[in-house]
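If you read the sequence shown in full-length UniProt numbering, its first letter stands for residue 1, the second for the next number, and so on.
Just so it is clear, CB atoms sit at the ideal spot from N, CA and C, and this is done for glycine as well.
Reviewing the structure listed below.
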Amino acid sequence: MTRTLIQGGTVVSSTGASLQDVLIDGETVTALLAPGRLEVTAETVIDATGKYVIPGGIDGHTHMEMPFGGTQASDTFETGTRAAAWGGTTTIVDFVVQAHGQRVQDQVATWHEKASGNCAIDYGFHQIIGDVDSESLKAMDELIGEGITSFKLFMAYPGVFLSSDGQIVQTMQAAAQNGGLIMMHAENGSAIDVLVQQALERGDTAPYFHGVTRPWQTEQEATHRAVMLADLTGAPLYVVHVSAKQALSRIVEARDTGQNVFAETCPQYLYLSLEEQLGAPGFDGAKWVCSTPLRSREEGHQDELWKFIRTGDVTAVSTDHCPFCMKEQKELGVGNFSKIPNGIGSVEHRMDLLYQGVHDGRISLERWVEVCCTAPARMFGLYGKKGVLAPGADADVVVYDPLGHTSIGMGEGRSHHMNMDYSAWEGFEIDGHVDIVLSRGTVIKDESGYIGRRGHGQFVRRGLSQNLI
Ligand code: DUC
Ligand code: ZN
Ligand code: ZN
Ligand code: ZN
């Protein structure tokens, strides 16, 4: 068994930071001790002096090769997980998609085929339930035994994914029984469809109108409804990609009553804004078309999201990684914003973008590790094996250089390894750098770049959420 020793670094967990050496035997962390106290010989010694040593990032929300909007997300499991590795993410949880008319178990088999043997890092699955009926409700029970323990519903996208309130109640009742976690895309899809039609009739067809026709009221209303239906049924609820401060405040209120409700946000909602999208030349605003949409900086949504990351009411930061190229994909929406495939690619940059929040004094080092690594592990039943550096945990480790620098984008010397023909983050400069990444004890990225292997990543059977109040 290969032994690796990571020496001299500052180990950062969600609760503190201290100088410690980390010993890895094979794929597993076996010891952490004060510097120099580990009297062992190791085949590989990594000098982490002056660096942070943290658990590998867990991105709990990705859509690799997802069929969507008349096309397919441009990262495959191979390219997307490789890009994740570059950025210090060592586990993704991707969504198996069941749309109307499809069978859940067929879709699970399809997703296993897509991912198996192709991933650079470990991966798990959530299940999208897009067609609630007795068969899909029964499949939920089976999936829990197969390590797929969370179920996403949509209040948006009528005709494709949208569930009625009655269907939501049925699915939540099933989750309350079987211990599963309900994940909710909370936007009022029927209201949005009317606003979209009216905008198009007015001739408001530019990308910016995507956001204008999905105003915060549609997010807050759906969030409120989801919270109430979760309360009614007793199901735990994780609201994905929260971008509106009003929706978040509804979640905070529910949490204050002791309800099992959790908020996820994404880097795009922390850094990008509707005003910037409006100011983009020509069709460029399409680069940032995603749902929920970017929100107004003037209205202060971004600052509120950062604030609630600090307080703990935003539980996790994931990416909703759903990349599309401009050419032939985003371009489907020239002259009609509603035809622009929704999504932004960020799986490579989440750890860096959130570290920048530490550098800028918005969040602590510990909160960085919490929202990017530890909380997603607990939320999605991975904790112990993932999300923590402790004896017995998988040796998924990132050595992060706080004095390093990362230039994001497609230009020379910039970082971008996702399968896209543009970067939604072009020009972003990060005061930090992912130096070394280990996945189950194997170095998959070092200073020379990605040195991992397709197929190294394994499917992870997840347990039930370990994060409930
Ligand atoms: N939102 C996105 O931006 N992309 C994929 C699906 C979604 O809900
Ligand atoms: Zn969604
Ligand atoms: Zn998503
Ligand atoms: Zn470096």
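Using only the alpha-carbon positions, how far apart do Asp313 and Val242 sit? Between the alpha carbons of Asp313 and Val242 lies a gap of roughly 12 Å.
Cβ of Phe283 versus every heavy atom of ligand 1: is any distance shorter than 7 Å? Relative to the non-hydrogen atoms of ligand 1, the Cβ of Phe283 never comes closer than 7 Å to any of them.
Distance, Gly384 Cα to Lys51 Cα: Answer to the nearest angstrom: the Cα atoms are 23 Å apart.
May I have the straight-line CA-CA distance separating Ser126 from Glu43, to the nearest angstrom? Per the sequence presented here, residue 126 reads as His, with Ser not at that position. Their backbone Cα atoms lie some 37 Å apart in a straight line.
Relative to ligand 5, is the shortest distance from any of its heavy atoms to the C-beta of Ser243 smaller than 7 Å? Ligand 5 is not part of this structure, which contains only ligand 1, ligand 2, ligand 3 and ligand 4.
Buried or exposed for Gly223, please, with buried defined as at least 16 other CB atoms from any protein chain shown within 10 angstroms of its CB. Note that residue 223 is Thr in the sequence shown, not Gly. Buried, because 16 or more other Cβ atoms sit within 10 Å of the Cβ of Thr223.
Val40 burial status per 10 Å Cβ neighbour count (16 or more: buried): With fewer than 16 other CB atoms across the displayed protein chains lying within 10 angstroms of its CB, Val40 is exposed.
For ligand 3, is there any heavy atom lying closer than 7 Å to the beta carbon of Val252? Result no, Cβ not under 7 Å from ligand 3.
Does DSSP classify Gly57 as helix, strand or coil? Per DSSP, reduced to three states, the secondary structure at Gly57 is strand.
Going by CA-CA distance only, name the one from Gly345, Leu23 and Arg378 that's closest to Cys266. Considering only Gly345, Leu23 and Arg378, the residue with the shortest C-alpha distance to Cys266 is Gly345.
Compute the beta-carbon to beta-carbon distance between Thr4 and Gly56, rounded to the nearest angstrom, for a pair I have assumed lies under 8 Å. No, Thr4 and Gly56 are not in contact; Cβ-Cβ is about 14 Å, not under 8 Å.
How many angstroms separate the CA atom of Val53 from the CA atom of Ala17? Between Val53 and Ala17, the C-alpha separation is close to 9 Å.
Can you tell me which of Gln356, Ile444 and Thr218 puts its alpha carbon nearest to the alpha carbon of Glu187? The candidate whose alpha carbon is nearest that of Glu187 is Thr218.
Please confirm whether any heavy atom of ligand 2 lies closer than 7 Å to the CB of His185. In this structure, His185 has its CB closer than 7 Å to one or more heavy atoms of ligand 2.
Between the Cα of Ala48 and the Cα atoms of Glu113, Trp425 and Val399, which residue gives the shortest distance? The option with the nearest alpha carbon to Ala48 is Val399.
Under 7 Å: does the beta carbon of Ser291 sit that close to some heavy atom of ligand 2? Flag set: Cβ of Ser291 near ligand 2.
Answer with buried or exposed for Met66, where buried requires no fewer than 16 other C-beta atoms within 10 angstroms of its C-beta. Result: buried.
With a threshold of 16 other CB atoms inside 10 Å of the CB of Arg378, please say whether the residue is buried or exposed. Buried, because 16 or more other Cβ atoms sit within 10 Å of the Cβ of Arg378.
Buried or exposed by the 16-neighbour rule on C-beta atoms within 10 Å, applied to Leu382: By the 10 Å Cβ count, Leu382 comes out buried.
Presumed contact (8 Å Cβ cut-off) between Tyr450 and Ala85, rounded CB distance: Contact flag correct, Cβ pair sits at about 6 Å.
Please go through the same chain and pick out, in chain order, the residues whose beta-carbon is closer than 8 Å to the beta-carbon of Gly70, but skip the five residues on each side of it. Non-local beta-carbon contacts of Gly70 in its own chain, meaning distances under 8 Å to residues more than five positions away in sequence, involve Leu332, Lys339 and Pro341 in chain order.
In terms of alpha-carbon separation, which member of Met155, Thr442 and Gly147 lies closest to Ala191? Of the listed residues, the one whose Cα sits closest to Ala191 is Met155.
Outcome for Asn260 when other beta-carbon atoms lying within 10 angstroms are tallied against a minimum of 16: Within a 10 Å sphere around the beta-carbon of Asn260 sit 16 or more other beta-carbons, which makes this residue buried.
Per-residue DSSP class, three states only, for Ile251: Looking at Ile251 - three-state DSSP - the assignment turns out to be helix.
Between which two residues does the beta strand (DSSP E) containing His185 stretch? First-last of the beta strand (DSSP E) with His185: Leu181 to His185.
Which whole-angstrom value describes the C-beta separation of Gly285 and Tyr208, a residue pair presumed to lie in contact below a C-beta threshold of 8 Å? About 5 Å separates the beta carbons of Gly285 and Tyr208, which is inside the 8 Å limit, making them a contact pair.
Let's test the definition: count the other Cβ atoms within 10 Å of the Cβ of Gln197 and tell me whether it reaches 16, buried, or not, exposed. Burial call: exposed.
Check Ala316 in the structure and name its three-state DSSP category. Ala316 carries a strand assignment under DSSP once its states are collapsed to helix, strand and coil.
Helix, strand or coil for Tyr422 per DSSP? Here Tyr422 sits in coil by DSSP.
How close, in whole Å, do the beta carbons of Trp288 and Ala424 come, if the pair is a contact with beta carbons under 8 Å? Going by Cβ atoms, the distance from Trp288 to Ala424 rounds to 6 Å, so yes, they are a contact pair.
Any 3 or more C-beta pairs closer than 8 Å across the region 71-83 and the region 112-125: Cβ pair count under 8 Å is three or more, so yes.
Give me, in chain order, the residues of the same chain whose beta-carbon lies closer than 7 Å to that of Pro391; leave out the 5 immediate sequence neighbours on both sides. Around Pro391: Val29, Thr30 and Ala31.
With H, G and I counted as helix, E and B as strand and the rest as coil, what does DSSP make of Glu146? Residue state for Glu146 is assigned as coil, using DSSP reduced to three classes.
Within the same chain, show all residues whose beta-carbon is closer than 6 Å to that of Ser439, passing over the 5 residues directly before and after it, in chain order. These residues qualify, in order along the chain: Thr90, Ile121 and Asp396.
May I ask you to list the residues that DSSP assigns as paired with Glu429? According to the DSSP secondary-structure assignment, Glu429 is paired through a beta bridge with Ser407.
In the structure shown, what three-state DSSP assignment does Tyr383 receive? Correct three-state label for Tyr383: strand.
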